[in-house]
Every structure is written in C-alpha cells, then in structure tokens.
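Participant: Everything in the sequence shown is counted per my numbering, starting at 836 for the first residue and increasing by one.
Don't be surprised by glycine CBs; every beta carbon is placed ideally from N, CA and C.
Can you keep this structure in mind? I'll have questions shortly.
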Amino acid sequence: MDCRPDLGPFLRLLRQEGVSLYRISQVSGVNYTGLHRAAKGKSIPDLQTIARIKCALEVILGRPVSLDELVEVRRG
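Now the structure itself:
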C-alpha cells in the first residue's frame, strides 16, 4: 500500500493566517531549508518535526491546532 503525507492543509493554513515559513522556522526551531523543501514536496517531515510545527503554530495563532489542519494522508 502506498500512502503519502500531503502538507496542503498546512500550506493553506499558513496562507489563510498570513504566517510565513520563516516565522514557523523561527518559533519552532525547525531548519528553514527543511521546511521549504517539505512545502515544495521534495521531502517528508518526520513526526518530531510535525509536532514542533504544530506547537509553533499554536503559539503564533494563540489557539489549538489539530493535526488535520497540517497534514492529510493520500493513497495512491
């Protein structure tokens, strides 16, 4: 079975809230280049990185952020 994470929800949330990858990088401590590569679909962030992104978004947005707002799993 081939399942892949899709960061489309994360990217839509950033656009909707006006948050940059650079800001996420600063708050989360995740390397900007790694975030940029993941946003372009050139790499897949591990669970630790996704957790750090989630926590950073909660700080920036001042509200809880669900994993569904960050990633979808696509089959195919």
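1. Does DSSP classify residue 906 as helix, strand or coil?
2. Can you list, in chain order, the residues of its chain with a C-beta nearer than 6 Å to that of residue 880? Leave out the 5 residues immediately preceding and following it.
3. With 16 other CB atoms within 10 Å as the buried threshold, where does residue 882 fall?
4. Under the three-state reduction of DSSP, which class applies to residue 844: helix, strand or coil?
5. Leaving out the 5 sequence neighbours to the left and right, which residues in its chain are closer than 7 Å to residue 894 when beta-carbon positions are compared?
6. Specify the secondary structure class of residue 898 as computed by DSSP and reduced to three states.
7. Using CA coordinates, which residue listed in 896, 890, 842, 889 is at the minimum distance from residue 852?
Facilitator: According to the structure shown:
1. What you label residue 906 is simply residue 71 of the sequence shown in a count that begins at 1. Here residue 906 sits in coil by DSSP.
2. Here residue 880 refers to the residue found at position 45 of the sequence shown. For residue 880, where only same-chain residues beyond five positions count, the Cβ hits under 6 Å are 873.
3. In the sequence shown, residue 882 corresponds to position 47, counting from 1. That one is exposed.
4. As a working note, residue 844 is residue 9 in the sequence shown. In the structure shown, residue 844 sits in a helix (DSSP, three-state: H, G or I).
5. In the sequence shown, residue 894 corresponds to position 59, counting from 1. Contacts found: 862.
6. Along the sequence shown, one-based indexing puts residue 898 at 63. In this structure, residue 898 counts as coil in the three-state DSSP scheme.
7. Numbered from 1 along the sequence shown, position 17 holds the residue referred to as residue 852. Nearest option by C-alpha distance: 896.
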